[in-house]
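What follows is a set of notes on a single structure, which appears directly below.
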Amino acid sequence: MIKNNLPLTLLILLPMLLLPFSIYLQSEGKIAVVKSRYDNIELVLSNYNIQYDLIEFRELSNKDVFSKYSSIFFPSGIESNYEDNLDINWQGKEITSVKLAKNFFELDEKEFGKNLRDYIKRGGSAYFSGYSYKQMAAGYNNFEFFYDFPYMGIPGRIEADVRGDLAMFSMKRKAYLYMEYPGWVALKHVDNAEILSESGFSTPKGDKSGPISVLIKDGYGEIIYTSYYSTAYSEFKRFNIYRIAGNTVLKKAVELARSHSQDVRNRITDAFFGGETSRRYYFNLEVGTNTFYFLSDGSPFMYEIYDSANRLIISREIYEKEQSYTLKSSKDDYCFIEVFPGGSERWKMFAIVSARGAEISPQIVKIGKYILYAIGILFLAAFIKVLISRLK
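Residue numbering for the sequence shown follows the numbering used here, beginning at 2 and increasing consecutively.
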């Protein structure tokens, strides 16, 4: 009986083993903000016309809540709800009794950390700022602090070096930031992270330097952590908001590049504000083939590309939601990309992704995969034939 069913069983399992399967987060593209005291994310999202759900931190004790959202913001000063866990009775100015509330809740940090890691690996994006490093550390304890003490920052103005996608988005290599709060979280180092900005700063133990904001990628998702969140309206804040809130449109643009078998280099997510007539960024170029993928979540847009001397290379007025342009470069350089809205619609997100390497048609890639599957089936059939002959 086993001998007779073995070939059939293997042939049934083969497509499941060979065909790619999706472990992406299956969400509705919704955005959540965890209630907090200090970082005014709700105000900024509302002003950016970005819809969101305001949730209690305790709701994330249920892993199914993670799956409802493609992006989650964990702002500084997340409500601990300790007060809600206590029933306090007063008489005049004196406390007469204190006891645990009937709906006492204590988050299982180990379980929350596991759910957070799973959420990010499957394609979710998350923003953490300031004191919410504590919640992030439950899943990603990548932080190293000076003297093992986080709250070393002294209020004052700092001059931060800006790198990577943040530099390309803001068109700046320097950012002047004012740290408003005493005891802000001063980072010495963050493991397995890309530094987006870093700076020197003062502490009670003398001058130090370290990251101000970082990007952590894990699986199909990513996290932004930033010690700076004071200014509500700045290119710094705008980058952080759209990089996380625009997770869905960014994923589509990245998949578009990867479907052409190219390596993704840089990523920008943004939107046109009311009254804005264009947005400009710069992108690095490498020797050889560089392709830019444009994807809009709303109205189509046009774009222009300029070389590093600000000379026009190409102007495209196609007004399609999905576009691409390939640029050959004889040296490592950079270019400017300016995008223009295709109509009166504003606030809809778009993504621009730069990719490197030979561009291969998705149809050719698909045909190649089917050929490999066919070869695999032939090899497996031969193996089964030999196996059956030996079992007889």
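Note that CB positions come from ideal geometry on N, CA and C, so glycine has one too.
Source: prediction; values computed, not measured.
Under a three-way DSSP split, which group does A383 fall into? It is helical.
Rounded straight-line distance, which links the Cα of H261 to that of R357: 10 Å
Just to confirm my understanding: we take F129, look at its own chain, exclude 5 residues before and 5 after, and list those with CB closer than 6 Å. What are they? F75, M137 and Y226
Among residues of its own chain, excluding the 5 on either side of N267, which ones have a beta-carbon nearer than 8 Å to its beta-carbon? So the qualifying residues of the chain are G165, D166, M169, F284, N285, V354 and S355.
Is it buried or exposed for Q52, if we count other Cβ within 10 angstroms and need 16 for buried? exposed
Skipping 5 residues on each side, what residues in its chain have a beta carbon closer than 7 Å to that of L44? Within the same chain, and ignoring the five residues on either side of L44 in sequence, the residues whose Cβ sits closer than 7 Å to its Cβ are A233.
Which residues share a DSSP beta bridge with A352? T270 and L296
Would you mind reading off the limits of the alpha helix (DSSP H) that contains M137? Y134 to A138
Nearest to R123 (by Cα), restricted to the options N248, S331 and S390: Taking only the C-alpha atoms, the option nearest R123 is N248.
Where does Y294 land, buried or exposed, given buried means 16+ other C-beta within 10 angstroms? buried
In whole angstroms, give me the CA-to-CA distance for D264 and A258. 7 Å
Taking the straight line between their C-alpha atoms, what separation do you get for M153 and T327? 47 Å
Rounded separation between A310 and A272 - CA only: 26 Å
Roughly how many whole angstroms lie between the Cα atoms of V35 and K206? 33 Å
Does the count of Cβ pairs from the region 107 to 126 and the region 144 to 162 closer than 8 Å reach three? The region 107 to 126 is not in contact with the region 144 to 162.
Pick from S235, M350 and I196: whose alpha carbon is nearest that of K322? M350
If you run the structure through DSSP and keep just helix, strand and coil, what is A359? coil
Against chain D, with Cβ distances strictly below 9 Å, would I56 count as a contact? Absent from the structure is chain D; it holds one protein chain and no more.
As a quick exercise: from V250, I314, E199 and E107, pick the residue whose alpha carbon is nearest that of Y177. E199
Can you tell me the Cα-Cα spacing of G211 and E223, whole angstroms? In a straight line, the C-alpha of G211 is about 21 Å away from that of E223.
Hey, could you find the ends of the alpha helix (DSSP H) L257 is sitting in? Per DSSP, L257 belongs to the alpha helix (DSSP H) from N248 to R259.
Looking at C-alpha atoms only, which residue of F274, G125, V66 and V255 is the closest neighbour of E346? F274
Report the residue from N142, V288 and G157 whose alpha carbon sits nearest the alpha carbon of N193. For N193, the closest C-alpha among the options N142, V288 and G157 is that of N142.
Close Cβ partners of I319 (< 8 Å) along its chain, the five nearest in sequence each way excluded: P301 and M303
Am I right that S297 and E305 are in contact with their C-beta atoms under 8 Å? What's the rounded C-beta distance? The pair is not a contact, with the Cβ atoms about 16 Å apart (cut-off 8 Å).
Who does L328 pair with in a DSSP beta bridge? N291
So, for S203: in the same chain, excluding its five sequence neighbours on each side, which residues have a beta-carbon less than 7 Å away from its beta-carbon? I155 and G157
Apply the 10 Å Cβ neighbour rule to A140 and answer buried if 16 or more other Cβ atoms are within range, or exposed otherwise. It should be pointed out that residue 140 corresponds to Gly in this sequence rather than to Ala. G140 is buried by the Cβ-count criterion.
Quick one: what does DSSP say L451 is sitting in, helix, strand or coil? Examination of residue 451 is not possible in this model, given that the chain is present from 2 through 393 alone.
Is the beta carbon of K69 closer than 9 Å to that of K31? Their beta carbons are under 9 Å apart, which means K31 touches K69 by this criterion.
Looking only at its own chain, which residues have a Cβ that is under 8 Å from the Cβ of G201, when we skip the five neighbours before and after it? I159, E160, D208, K209 and S210
For L381 and E110, the rounded distance between their alpha carbons: 46 Å
Determine the extent of the beta strand (DSSP E) in which D192 is found, giving its start and end residues. Careful: D192 lies outside any beta strand (DSSP E) and carries neither H nor E.
In three-state DSSP terms, what is N285? Strand, per DSSP.
Quick one: Cα of F22 to Cα of K175, how far? With a pLDDT of 43 at F22, under the threshold of 50, the modelled position of this residue cannot be trusted, and the question is left open.
I believe S228 touches I213 by the beta-carbon criterion, under 8 Å. Please report the beta-carbon distance rounded to the nearest angstrom. Here S228 really is in contact with I213; their C-beta atoms are around 5 Å apart, less than 8 Å.
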